[in-house]
Amino acid sequence: MAQYWDNLADTYAKIGQADFWLKHRLRILDGISGRVLDGGCGSGDLVRALRHLEVDAFGVDAAAQMVRLAQQKLAEHDFDPQVITQGDLTQLAFRDNSFDVVVTTGVLGTFSAEMQQAALKELTRVAGSELRLLEPFEKRPGLYPARVVGWLFDGQRPLKTSTFEQLGLRAERKWDAVMGVFSFIHCTISE
8 MAQYWDNLAD TYAKIGQADF WLKHRLRILD GISGRVLDGG CGSGDLVRAL RHLEVDAFGV
68 DAAAQMVRLA QQKLAEHDFD PQVITQGDLT QLAFRDNSFD VVVTTGVLGT FSAEMQQAAL
128 KELTRVAGSE LRLLEPFEKR PGLYPARVVG WLFDGQRPLK TSTFEQLGLR AERKWDAVMG
188 VFSFIHCTIS E
């Protein structure tokens with residue numbers, strides 16, 4: 008998977024800036040504060056946006072080329088590039104409750120169901136209070152709009168309510184984006 012994203016890093020960095028996607032990604036940051044981790048940060052757009060807002064933001068991505076691009080962009084904006092690290096969302100190198108909020112945007116839908124569950128478990132472990140996810144999400148069992156526009160979102164695997172429930176999480180769908188393919192999912196983490 009990391010090799011796939013390494014090969015697409017430059018292209019993805021441009022797509023990540025596209026209005027149709029970036030505006031929704033930025034919207035999930037509304038009112039965010041504290042220490043924030045962007046899981047699967049790609050080219051670091053959200054980390055940079057949060058740093059401009061003086062939020063203590065960090066990023067992790069599995070693809071070395073994405074990490075390099077994100078670090079380069081942060082340095083160009085006079086931010087510490089070392090806040091972006093390479094890592095696996097299913098085995099994060101952070102202590103429990105290291106962050107107040109963890110965000111992901113368009114990452115978990117590229118994982119198998121097993122990897123989604125492992126990543127959600129790990130993201131929950133490092134998140135102190137909440138998860139904010141902009142991911143493909145099955146509205147009801149068997150209902151996922153991307154099947155209608157599969158030519159555009161081929162290979163996306165929607166997150167399922169049952170996956171959250173198995174981890175003791177309540178997934179609250181706030182709004183949908185990009186033709187209903189992606190949903191903003193909010194989870195409050197209770198101790």
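If you're matching positions, the sequence shown starts at 8 in the working numbering and goes up one per residue.
Where is the CB? At the ideal position from N, CA and C, for every residue including glycine.
Predicted model, so just to flag it, every value in this text is computed and none were measured.
Residues in the same chain with beta-carbon distance under 6 Å from residue i, minus the five sequence neighbours each way, listed in chain order, please.
i	result
serine 4	Residue 4 cannot be examined here, being either before or after the span of the chain that is shown, 8 to 198.
phenylalanine 101	Val133
phenylalanine 171	Ala178
In the DSSP assignment, the alpha helix (DSSP H) including residue i goes from what residue to what residue?
i	result
histidine 59	52-59
leucine 138	Per DSSP, leucine 138 belongs to no alpha helix (DSSP H); it is in the beta strand (DSSP E), 134-143.
Using a Cβ-Cβ cutoff of less than 8 Å, which residues in the same chain neighbour residue i once the five nearest sequence positions on both sides are dropped?
i	result
serine 119	Arg164
glycine 94	Val67, Asp68, Ala69 and Ala100
leucine 81	Gly51, Val54, Arg55, Arg58, Asp87, Pro88, Val90 and Ile91
glutamate 129	Leu96, Thr97, Gln98 and Leu99
glutamine 173	Gln124
glutamine 78	Gly51, Pro88, Gln89 and Ile91
Classify residue i as buried or exposed, calling it buried when 16 or more other Cβ atoms lie within 10 Å of its own Cβ.
i	result
arginine 177	exposed
methionine 73	buried
leucine 96	buried
leucine 49	The question names leucine, but residue 49 is glycine in the sequence shown. Burial call: buried.
leucine 60	exposed
For residue i, which three-state DSSP category applies?
i	result
alanine 70	coil
histidine 31	helix
serine 169	helix
leucine 127	helix
histidine 188	The question names histidine, but residue 188 in the sequence shown is valine. DSSP places valine 188 in coil when its eight states are reduced to three.
glutamine 98	strand
Confirm, please, whether the CB-CB distance from residue j to residue i is below 9 Å.
i	j	result
threonine 195	serine 136	yes
glycine 47	threonine 112	yes
isoleucine 35	valine 62	no
leucine 115	glutamate 83	no
alanine 64	aspartate 37	no
Nearest chain B C-beta to residue i closer than 9 Å, yes or no?
i	result
valine 54	As a matter of chain content, chain B is missing from the structure shown, which is built from one protein chain.
Grab me the residues of residue i's own chain with a C-beta within less than 7 Å of its C-beta, minus the 5 sequence neighbours each way, in chain order.
i	result
valine 108	Ile39, Gly41, Val43, Ala134, Ser136, Glu137 and Arg139
alanine 6	Nothing about residue 6 can be read from this structure; the chain reaches only from 8 to 198.
lysine 167	Glu145
Go to residue i, then tell me how far its beta strand (DSSP E) extends in each direction, as first and last residue.
i	result
glycine 113	Segment: none, glycine 113 is in no beta strand (DSSP E) and carries neither H nor E.
isoleucine 91	91-93
arginine 42	42-46
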